[in-house]
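Have a look at the structure below before the remarks.
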Amino acid sequence: MNDDLTTLRALRPNTAPPSTEARTAAHAALMERAASSAPVRGRTRRLRPSRVGLRLAVAGGLATAAAAVTVAVGLGGADGDNGPRTVPTSGPVADVQTVLYQAADRTGSRPFTPPRPGQWTYLETRYTSPGKPPIGGVQTPKSPLKTRVDRLWTRIDGTRVAQYDHGRLTVAPTGAGAMPPVDYGSVTKIPLDPDALIAWAKKGAPAGVRPGSPADASDAQTFGILASLLNDNLVPPRQEAAVYRAMAKIPGVTLERRTVDVAGRPALAVSRIVEGYLRQEVLLDRTSYAYLGERSVVVKDHTGDAGTGENGTWKVEKGTIDVFSVRLAAAFVDKPGQRP
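Numbering-wise, the sequence shown is residues 352 to 691 according to our numbering.
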């Protein structure tokens, strides 16, 4: 029996994403729980950052099932939904915007087969994280990392979610209204115009980070919501292209070309500083612009309570990996428990 990550993300309706510290704490606690009952195998998000709440996943021999529709990344591309755009000609901002527009063009034209009614989205992601720091403790770049594989099935209408819990497939209702959405039906309804998509993300930001909040905090939250949308969904081509065009318009977004993901694949890192001390990176394939995963790295020493509710604080040092995720599979399947 293979050991998978046991994690629970309760998808709570109408709930804004928690802070990065709260997400990290929740992820770390679950990683620790899983580690106590099963050995680590293989190599991983903060359970990610991405979805609202916690995610439950776990070890189990997953039954192999019949045909699944997988998504391939195609070549070529045209800016079909948004018409003319302005591409800067030089400098760091021009560089990241050019790459994001290229990613949008390539992504927007790739072959795609929509799911049939009643199907499920299957996502398989490997997460690497240092786990939960002890109160009063310090995490450093040398802190040992824990790895788990998260396998999650979400019905395309968003009504149910499934995962393995101690080898048993568990299916539960999800509610509705998560921000960002985590079901295919809701993702297809996001705005395709980049300005409208940014406004949509800002409107869904948690209390205290609303339009009118300090610009940097609002822009960071917008980037985080869009990054979460990519991480937690199999996003259709037009919507994924819209995300990249919107990211190109967010102040403070930067590009690193000489990156590799945790699987060693060459990657482009589109990133932004969030919460003042983390660099959140969206990783894209250097050639195809396919979505590879996500990484967040501490860029300056930080002390906080990690949202644990416990008394006391803990510290993370510059250079510490917060979370590293790699997408292993994304497909539409006919039933929970089925894998492509």
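A virtual CB, placed ideally from N, CA and C, is assigned to each residue, including glycine.
The model shown is predicted, which means the values in this text are computed figures rather than measured ones.
Same chain only: Cβ atoms within 7 Å of residue i, ignoring 5 sequence neighbours per side
i	result
S388	Any answer about S388 is weak, because its pLDDT of 33 lies below 50 and its placement is not dependable; what the coordinates show is given next. Once the five neighbours on either side are set aside, S388 has no close Cβ partner at all.
A597	P545, L548, I549 and L577
Q470	I507, F683, V684 and D685
A523	R511 and V512
Y628	V649, V650, K651 and H653
Rounded Cβ spacing between residue i and residue j (contact assumed at less than 8 Å)
i	j	result
Q590	V538	6 Å
R646	F675	5 Å
E626	V649	Not a contact, Cβ separation roughly 10 Å.
D534	T505	6 Å
Y642	L580	Going by Cβ atoms, the distance from Y642 to L580 rounds to 11 Å, so no, they are not a contact pair.
Residue environment, residue i, which counts as buried when at least 16 other CB atoms sit within 10 Å
i	result
H653	buried
V611	exposed
K540	exposed
G509	buried
Q689	buried
K497	buried
P495	exposed
R519	exposed
G459	buried
G644	buried
R678	buried
Cross-strand partners of residue i (DSSP beta bridge)
i	result
R630	I624 and V648
F675	T479 and R646
D516	R519
Q490	V667
R511	P524
V611	P617
T505	T472 and V512
L606	V621
D534	According to DSSP, which records beta bridges pairwise, D534 is partnered with nothing at all.
F574	DSSP lists no partner for F574.
V447	In DSSP, V447 forms no bridge with anything.
Residues of its chain near residue i, where Cβ-Cβ distance is below 8 Å and the 5 sequence neighbours each way are ignored
i	result
T605	P443, V447, V621, S622 and R623
K593	The sequence given here places Ala at residue 593; Lys does not occur at that position. Answer for A593: D432, N433, A455, I541, P542, L543, D544, P545 and L548, listed in chain order.
Beta-carbon proximity list for residue i, same chain, < 6 Å, skipping 5 on both sides
i	result
L474	L503 and A681
G555	M530
R637	P617 and L619
K600	P545
K666	V489 and T654
Inset, instruction - Please determine if the region 547–558 and the region 474–489 are in contact, where contact requires at least 3 C-beta pairs separated by less than 8 Å. - result: no
Inset, instruction - Mind the definition here: the region 568–588 touches the region 455–469 only if three or more C-beta pairs lie below 8 Å; say whether that holds. - result: yes
Legend entry - contact_flag[the region 568–583, the region 517–527] where n(CB pairs < 8 Å) is 3 or more: no
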